[in-house]
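Respectively, the protein sequence lines represent chains A and B.
Just add 4 to wherever you are in the first sequence, counting from 1, and you've got this note's numbering.
Just add 774 to wherever you are in the second sequence, counting from 1, and you've got this note's numbering.
Quick reminder that beta carbons are idealized off the backbone N, C-alpha and C, glycines included.
Structure, as structure tokens:
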Amino acid sequence: MVFNRREFLKTAATASAALALPALGSRAFAADAIKVGALYSQTGGLSVAEKLLANGVMMAVAEINAAGGVLGRPVEVVVEDGASDPKTFSEKASKLILKDKISTVFGCHTSASRKAVLPIFERRGAMLFYQTHYEGFECSRNVVYSGAVPNQQLSNYIPWIVEKLGKKKFFIVGSNYVYPREMAKVSKKLIEAAGAEWVADEYLELGHSEWAVMVSKIKESGADVVLSNVVGDSIIAFYREFKNQGLSQEVLPICATVTSEIEIAAMGAEYAAGSYTSFPYFMSIDTPANKSFIDRFRTFVNDPKAVTYHSLEAAYFQVFLWKQAVEKSGDLSADAIRAGIRGQTYEAPGGKVTTDPDNLHCWLTPRIGQWQADGQSKVVNAYPAPIKPLPYSAYGETESNLFCTSNGLDAAKLKG
Amino acid sequence: MLDILFIGLSLGSILLLVALGLAITYGAMGVINMAHGEMVMIGAYVAVLSGIWLKASLLLAIPLAFVVTALLGLLIERVVVRRLYGRLLDTLLATWGIAILLQQAVRLEFGLSFFGIHVEGLGAGLQNVAVPSYLQGTFRLASADINAYRTFIIAVTAALTLMTWFILYRTSAGMQVRAIIRNPKMAGACGIDVKRVNAMTFAFGSGLAGVAGVMMSGFKTVFPDMGTTMVVDGFMVVVTGGVGSLFGTILSSGLLGEINALVAIGTNDILARAVVFGVVILVILVKPSGLFSFKGR
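Here it is as structure tokens:
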């Protein structure tokens, strides 16, 4: 592409106009726009993943505005940059709540950033909408969790691996931090309940990508299935090493809880073909609603090859849950949103989702996908209906014995 | 046992691959080149880009990456490093700055992303390189399944090490380099063009890093920050082996690789890494100048 001076000026003018557009928009909407926050990392190591989530939120808001807004008022998003740093997240959360007087923020991706902003939301009485699947063990009245908790990824997965795949010996492997360790805890219970056993529970440093020793251990362990809670770019090196050491997904499949369409695209589909992942949403879900969602997302980000995945879908539908809650209670305060969102149901691209009246997590449909040679999954098993989120399932929480209710966490049960 | 030793050898060869270039720039020239990891990164991106745009295989990317990073190294030496010889801390800061510049350049697609132009293969996202099918999987050797790609890395590392040894010890240019390592002023007094030889040495060290990058791209993820952790490992190897000693670097990378593999097999990877750092600290405490060193400068 060759630029002459005039064209350069034109491009620069368009670019600056584009930058100024959100500001213009807010002025056009006058004083009655409803402000919400979008707090994701726009810079730093996590920005690749988090910008996509921010796009999911922006797209939902754009669609809501195109359809007439909320309570007849347009929605304006105040975007802040968490800069991949939990401390920055907490500063920006304070700014959004105190300076911009915003009561609803969509944001955070890692558990570290969510934990950093949590006290601010609780003290200042604002609501956080959090879309990433996480380890549970949290019961905040100020957070709506739209991603999966361990029981929604594992409760159908492990019995299915044991019964349908006929696997008896699990090798559990993960990155060394809280999410994989909690997932392992829940898995072990389920594995034992299903009458199988686990032969190892091993961890590799977060972000570490030298898998030679681990894969060789898997090979020697006698395990017949690998349960992977590995996160981030380590995933790619793991699947590659797995194939390079001559292990085949047919004999010793990797069953993952984090590996999504994004990682599959980055590693090259041939390395993952035949392996499994458990998620409530897959890009391959064959419904008109999902096809339309993928098309709209690709148009929105202007990338015809963009992929959609669980957290992105959750980032998108949580905005609609918020809209319905606001419209139900007719007020923007955190208390009104909390009251309005309990039991709220929405037809998301991946199917029906419902906010649980007790713990503000979402009812989701567990699905198991097998990765194909084209980088997409084939859904091989799905629950007939969404199941109840149990954030304390690792500690014995069941549907009839809830630890986290609308009154908050029952700490006595946690100890017992 | 054979496969554990093989893994150790493989870990050692990867350490050596990164450290080889450093052994030359840091060891020989006394420049703490923090941008060395970014040279590895650039090499990996050369593999990505040549795969996408030239449809070239990984093998072809090796010489290509060597040339690209060597030229880039030459440029950095001419513009920045040349003015800072003998000022160890200043080179550290300056090359660290260069490292950040290079990372951001790749992330922002050399500024093109500001104009809404996206070059496939650049940018902040994760990239991957297609590996030829004969380098995937394993082959059998004396009752053990040997990882083909890791064997390939070991072979390339051995070839590069031999080439470096040959250049340093069997050519007149190498003799000049070694003279400069011992005493740059005396070498200059004997008629060696110190500036020119230094520039060439720096370019050669950078080129080796570029080849390392191509090899890494085959089994690790390629992204703008990938070099930062590698440069730490590289320095660890060079310091343990003894600054300025090619033999020391080879031996220490093999040693640390095997220790890493043996401890990791016996316990786990996290402990293994701690043990490796422990060994490095011990070596520096007992022999501050590294396992192999000689007096110079």
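With fewer than 16 other Cβ atoms inside 10 Å of its own Cβ, L915(B) counts as exposed.
The beta-carbon of G1016(B) is placed no less than 8 Å from the nearest beta-carbon of chain A.
Per the C-alpha coordinates, the member of V357(A), I124(A), S98(A) and S88(A) positioned closest to A116(A) is S88(A). Of the residues L418(A), T263(A), V74(A) and W202(A), the one whose Cα lies closest to the Cα of S232(A) is T263(A).
With a cutoff of 8 Å on beta-carbon distance, V383(A) and I239(A) are scored as not near each other. About 16 Å separates the CB atoms of T995(B) and A260(A); that is not less than 8 Å, and the two are not in contact.
Inter-residue distance for S191(A) and F133(A) is about 27 Å (C-alpha atoms, whole angstroms). Boundaries around L1045(B) are those of the alpha helix (DSSP H), D1043 to V1060, since no beta strand (DSSP E) includes it. In terms of beta-carbon proximity, S824(B) stays away from the interface with chain A, with every pair separated by 8 Å or more. Checking the DSSP bridge columns, you'll see E403(A) has no partner listed.
Between the C-alpha atoms of R302(A) and P353(A) there is a straight-line separation of about 14 Å.
Chain B places a beta carbon closer than 8 Å to that of Q249(A), counting this residue as a contact. Around the beta carbon of W827(B), fewer than 16 other beta carbons lie within 10 angstroms, which makes this residue exposed.
As DSSP reads the structure, N385(A) sits in a beta bridge with I372(A). Not a single C-beta of chain A is nearer than 8 Å to the C-beta of L882(B). For T912(B), a Cβ of chain A is located within less than 8 Å of the residue's own Cβ. Put simply, the backbone Cα of V255(A) is about 52 Å away from that of G804(B). In summary, the residues of the region 196-224 of chain A whose CB is separated from some CB of chain B by less than 8 Å are E206, Y207, L208, E209, G211, H212, S213, E214, A216, V217, M218, S220 and K221, in the order they occur in the chain. The distance from the Cβ of T358(A) to that of T369(A) is about 11 Å, inconsistent with a contact at the 8 Å cut-off. Straight through space, the alpha carbons of K119(A) and K959(B) are spaced by roughly 58 Å.
The beta carbon of L900(B) falls within 8 Å of a beta carbon belonging to chain A, placing the residue at that interface. Between E245(A) and chain B, the shortest Cβ-Cβ separation is below 8 Å. At least one CB of chain A lies nearer than 8 Å to the CB of N921(B). Only residues of its own chain outside the window of five on either side were considered, and among them G817, V820, A821, G984, V985, G987 and V988 have a CB closer than 7 Å to the CB of A839(B), listed in chain order.
The alpha-carbon of K189(A) is positioned some 37 Å away from that of L909(B). Per DSSP, Y313(A) lies in no beta strand (DSSP E) and is assigned neither H nor E. By alpha-carbon distance to L336(A), the top candidate from R77(A), G60(A) and V61(A) is R77(A). A straight-line Cα-Cα distance of about 15 Å links E201(A) and L158(A).
A contact between stretches requires three or more CB pairs, one per stretch, nearer than 8 Å, and the region 1002-1017 of chain B fails this requirement with the region 170-178 of chain A.
According to the DSSP secondary-structure assignment, F283(A) is paired through a beta bridge with R371(A). Counting of Cβ neighbours within 10 angstroms places L1030(B) among the buried residues, the total reaching 16 or more. Contact with chain B is absent for I176(A), since none of that chain's Cβ atoms lies less than 8 Å from the residue's Cβ. In the structure shown, the three-state DSSP call for W202(A) is strand. Secondary structure at T92(A): helix, using DSSP grouped into helix, strand and coil.
Interface flag for V262(A) against chain B is unset, since no Cβ pair is found closer than 8 Å.
N59(A) is not bridged by DSSP to any residue.
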